[in-house]
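K.L.:
Numbering (the numbering used here), first residue to last: 819 to 931. Backbone N, C-alpha and C fix where the C-beta goes; we use that ideal spot for every residue, glycine too.
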């Protein structure tokens, strides 16, 4: 019963998050957003790769693990939910962009590795 409730309520949670983003003043600190986004994605790929190598996985599988780690989770959305103002918009856009890039890298991981 709990799993069915989770599967029903999770899309509602993400829909609510998406509808609370206000872009009336544009994207704040665009250069910082790009730097943080690139840094976090590269750091997760490197961490996954070396973690896979440390575990004894081949290079291809280690790279695939790193590419699969780039997604963001619900915890990031909860943290952004308790912020306000420019930080909230910055965090929301960061989460949305990293989710889109993360899902894309996850889907392309077998081809890229």
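Quick check on the burial criterion: 16 or more other C-beta atoms within 10 angstroms. Buried or exposed for residue 823?
P.N.:
One-based indexing of the chain shown puts residue 823 at position 5. Residue 823 is exposed by the Cβ-count criterion.
K.L.:
How long is the line joining the alpha carbons of residue 912 and residue 876, rounded to whole angstroms?
P.N.:
As a position in the chain shown, residue 912 is number 94, starting the count at 1. As a position in the chain shown, residue 876 is number 58, starting the count at 1. Rounded to whole angstroms, residue 912 to residue 876 spans 32 Å at the Cα level.
K.L.:
For residue 841, which of 826, 833, 859 and 906 has the nearest alpha-carbon?
P.N.:
What you label residue 841 is simply residue 23 of the chain shown in a count that begins at 1. The shortest C-alpha separation from residue 841 is found at 906.
K.L.:
Quick check: the Cα distance between residue 922 and residue 928, rounded to an integer number of angstroms?
P.N.:
Mapped onto the chain shown, residue 922 falls at position 104. Mapped onto the chain shown, residue 928 falls at position 110. If I take the Cα positions, the gap works out to 11 Å.
K.L.:
Fully enclosed by the region 872–923, which alpha helix (DSSP H) runs are 4 residues long or longer?
P.N.:
Counting only runs of 4 or more, we get 877–886 and 892–899.
K.L.:
Roughly how many angstroms separate the alpha carbons of residue 895 and residue 888, rounded to a whole number?
P.N.:
For this step, residue 895 is matched to residue 77 along the chain shown. For this step, residue 888 is matched to residue 70 along the chain shown. Their Cα atoms are separated by approximately 15 Å.
K.L.:
Measuring CA to CA, which of 900, 874 and 870 is closest to residue 886?
P.N.:
For the purposes of this step, residue 886 is identified with residue 68 of the chain shown, where counting begins at 1. Selected option, being the one with the closest Cα: 870.
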